[in-house]
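**Student:** Counted from 1, the sequence shown has number 244 at position 230 by my numbering; the numbering is strictly sequential.
Positions of the beta carbon are idealized from the N, C-alpha and C atoms, including for glycine.
Note that the structure is a prediction, hence the values are computed from the model and not measured.
Here it is: the structure, laid out below.
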Amino acid sequence: MSLSSRSFDQICTEVRARFPSAFSSTRRGSEETGEDLSSWIRGCIETPGLTQVTTRPRRTSGSLEVLLELVEETQRRRLRMVWVDPCNCLDPVTAFDRSYPHLLWTRGGGLSEAIRVADTVLRDENFPFVCLDGVLLSAEEWKRVPLNRWYRLQRLAQRKGASLILWTPPMVVPAATQRWHLSADWAFPDCFNASREDLRGGISLVSADGQAATQDAGPADGGPFVSAMGREIGSEKAG
C-alpha cells in the first residue's frame, strides 16, 4: 500500500503498535481536574502582581489550552485582556472558533518589545489582565533581561491592580510572586480528536513548592502588530 493511499488512522494504529509506551496515560477524570484548573484561572485573574508559568518549549504542554480558558474567563467577567505574542506564533483563525472583542493581541518584535508593550498597557489601566507568551523564546534570552525591568513590571501591576502572567521556558524570573510549572498528559494520536474538556483533564499545573493545583487529570516580523481580536477574527472569517 502506498503512503498516499494509507489513512491517517492506519498510520496512527501502526505507530501505536510499534511504540506502545508512548501512549500510556495516568491522568484522572476531566471533571476533577477541570474544577481545579478553573480555580487556578480564577486565582490568576483575581490576584494582582506578576505570575510566572514555565513549560517545555516546542512540546505539547497545554499552554494554548490554558490561555484559551483565560480568554473565555476574562470575557465572562467583562475584563479586557492583552495577549502579548513576541514570537508571532498564535494563529487566531485556528485557535478560536468565535470572536473575542475584549481581547487585544500584540505580535512580533521580540522579548524587549513585548516587555515595552506590557509596560504600556499596564500603565493604561484599561487592561487588567496581561499574558506575555514567550515560551518559544530561549531561556538565555529571558535571562538577559535586566532584573530591574521585572521588578518594575511587578510593582506596576500591583499598583494598578492588574495581573501579568509570563509564559516562559524553564528558568526563574526573580520578581515573580507566584511560579507554576505547566505540562500536559495527552496521548498521541488521541489528542487530535479529543474534546476540549478531555484535553483540560490532562493539564497539570504544579506550584514552585511542589503543591499541585491540577495534576494528572514563528519568527518575529519586525515591529509589533496590534489588532483587536474581535475584528481580526471577523475579517479573517469574512474573507
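Spatial neighbours of Tyr165 within its chain, please: CB distance less than 6 Å, with the 5 preceding and 5 following residues excluded, ordered by chain position.
**Tutor:** Within the sequence shown, residue 165 is the residue found at index 151, counting from 1. Same-chain partners within the cutoff: Ala189.
**Student:** Ordered along the chain, which non-local residues of its own chain (more than five positions away) have a Cβ less than 6 Å from that of Arg56?
**Tutor:** On the sequence shown, residue 56 is found 42 positions in, with the first residue counted as 1. Same-chain partners within the cutoff: there are none.
**Student:** Taking the C-alpha atoms as reference points, what is the distance between Leu146 and Asp50?
**Tutor:** Taking the first residue of the sequence shown as position 1, residue 146 is located at position 132. Taking the first residue of the sequence shown as position 1, residue 50 is located at position 36. Those two C-alpha atoms are separated by around 23 Å.
**Student:** Report the residue ranges of all alpha helix (DSSP H) runs contained in full by the segment 99-127; include only those spanning at least 4 residues, in chain order.
**Tutor:** Correct list: 106-109.
**Student:** For Leu81, which residues in the same chain have their Cβ closer than 8 Å to its Cβ, ignoring the five residues on either side in sequence?
**Tutor:** Indexing the sequence shown from 1 puts residue 81 at position 67. Same-chain partners within the cutoff: Trp97, Cys145, Asp147, Trp181.
**Student:** From Glu127 to Asp99, what distance separates their C-alpha atoms?
**Tutor:** Here residue 127 refers to the residue found at position 113 of the sequence shown. Here residue 99 refers to the residue found at position 85 of the sequence shown. Going from the Cα of Glu127 to the Cα of Asp99 covers about 10 Å.
**Student:** Quick check: Cys101 and Ile179, are their CB atoms within less than 9 Å of each other?
**Tutor:** One-based indexing of the sequence shown puts residue 101 at position 87. One-based indexing of the sequence shown puts residue 179 at position 165. In this structure, Ile179 does not lie closer than 9 Å to Cys101 by Cβ.
**Student:** If I follow the unbroken beta strand (DSSP E) through Gly57, where does it start and stop?
**Tutor:** To locate residue 57, count along the sequence shown from 1; it is residue 43. Here Gly57 belongs to no beta strand (DSSP E); instead the alpha helix (DSSP H) covers 44-60.
**Student:** Are the CB atoms of Leu84 and Gln192 nearer to each other than 9 Å?
**Tutor:** On the sequence shown, position 70 is the one that residue 84 refers to. On the sequence shown, position 178 is the one that residue 192 refers to. Their beta carbons are not under 9 Å apart, which means Leu84 does not touch Gln192 by this criterion.
**Student:** Would you mind sorting Thr47 into buried or exposed? The rule is 16 or more other CB atoms within 10 Å of its CB.
**Tutor:** Here residue 47 corresponds to residue number 33 of the sequence shown, with the count starting at 1. At Thr47 the pLDDT is 35, less than 50, meaning the model places this residue with poor confidence; the figure from the coordinates comes in the next sentence. So Thr47 ends up on the buried side.
**Student:** Would DSSP call Thr88 helix, strand or coil?
**Tutor:** Numbered from 1 along the sequence shown, position 74 holds the residue referred to as residue 88. Residue state, collapsed to three classes: helix.
**Student:** Counting along the chain, where does the alpha helix (DSSP H) carrying Leu170 start and finish?
**Tutor:** Along the sequence shown, read from residue 1 onward, the residue named residue 170 stands at position 156. Its alpha helix (DSSP H) spans residues 161-174.
**Student:** In terms of DSSP beta bridges, what is Ser177 paired with?
**Tutor:** Taking the sequence shown and counting its residues from 1, one reaches residue 177 at position 163. According to DSSP, which records beta bridges pairwise, Ser177 is partnered with Gly63, Phe143.
**Student:** Around the Cβ of Glu79, are there at least 16 other Cβ atoms within 10 angstroms (buried) or fewer (exposed)?
**Tutor:** If you number the sequence shown from 1, residue 79 lands on position 65. Glu79 comes out buried.
**Student:** In angstroms with no decimal places, state the Cα-to-Cα distance between Asp223 and Trp194.
**Tutor:** Walking along the sequence shown from the start, residue 223 turns up at place 209. Walking along the sequence shown from the start, residue 194 turns up at place 180. At Asp223 the pLDDT is 49, less than 50, meaning the model places this residue with poor confidence; the figure from the coordinates comes in the next sentence. When rounded, the distance between both Cα atoms is 9 Å.
**Student:** Verify the contact flag: Leu81, CB atom, against every heavy atom of the ligand ATP, threshold strictly below 8 Å.
**Tutor:** Among the components of this structure there are no ligands whatsoever, and the ligand ATP is therefore not found.
**Student:** Check this for me: beta carbons of Thr88 and Phe143, under 9 Å apart or not?
**Tutor:** Taking the first residue of the sequence shown as 1, we reach residue 88 at position 74. Taking the first residue of the sequence shown as 1, we reach residue 143 at position 129. The answer is yes: Cβ separation under 9 Å.
**Student:** Please classify Met95 as buried or exposed, where buried requires at least 16 neighbouring CB atoms within 10 angstroms.
**Tutor:** Taking the first residue of the sequence shown as position 1, residue 95 is located at position 81. Answer is buried; the Cβ neighbour count reaches 16.
**Student:** Is it buried or exposed for Ser152, if we count other Cβ within 10 angstroms and need 16 for buried?
**Tutor:** Numbered from 1 along the sequence shown, position 138 holds the residue referred to as residue 152. Looking at its Cβ environment, which holds fewer than 16 other Cβ atoms inside 10 Å, Ser152 is exposed.
**Student:** Excluding five sequence neighbours on each side, which residues of the same chain lie with their C-beta closer than 6 Å to the C-beta of Leu170?
**Tutor:** Position 156 of the sequence shown, counting from 1, holds the residue named residue 170. Taken in chain order, the residues that qualify are Leu136.
**Student:** Have a look at Arg90, Leu125, Asp133 and flag the residue whose alpha-carbon is nearest the alpha-carbon of His116.
**Tutor:** If you number the sequence shown from 1, residue 116 lands on position 102. Ranking the options by Cα distance to His116, first place goes to Arg90.
**Student:** Would Ser77 and Val187 qualify as a contact pair, given that the criterion is a beta-carbon distance under 9 Å?
**Tutor:** What you label residue 77 is simply residue 63 of the sequence shown in a count that begins at 1. What you label residue 187 is simply residue 173 of the sequence shown in a count that begins at 1. No, they are not a contact pair.
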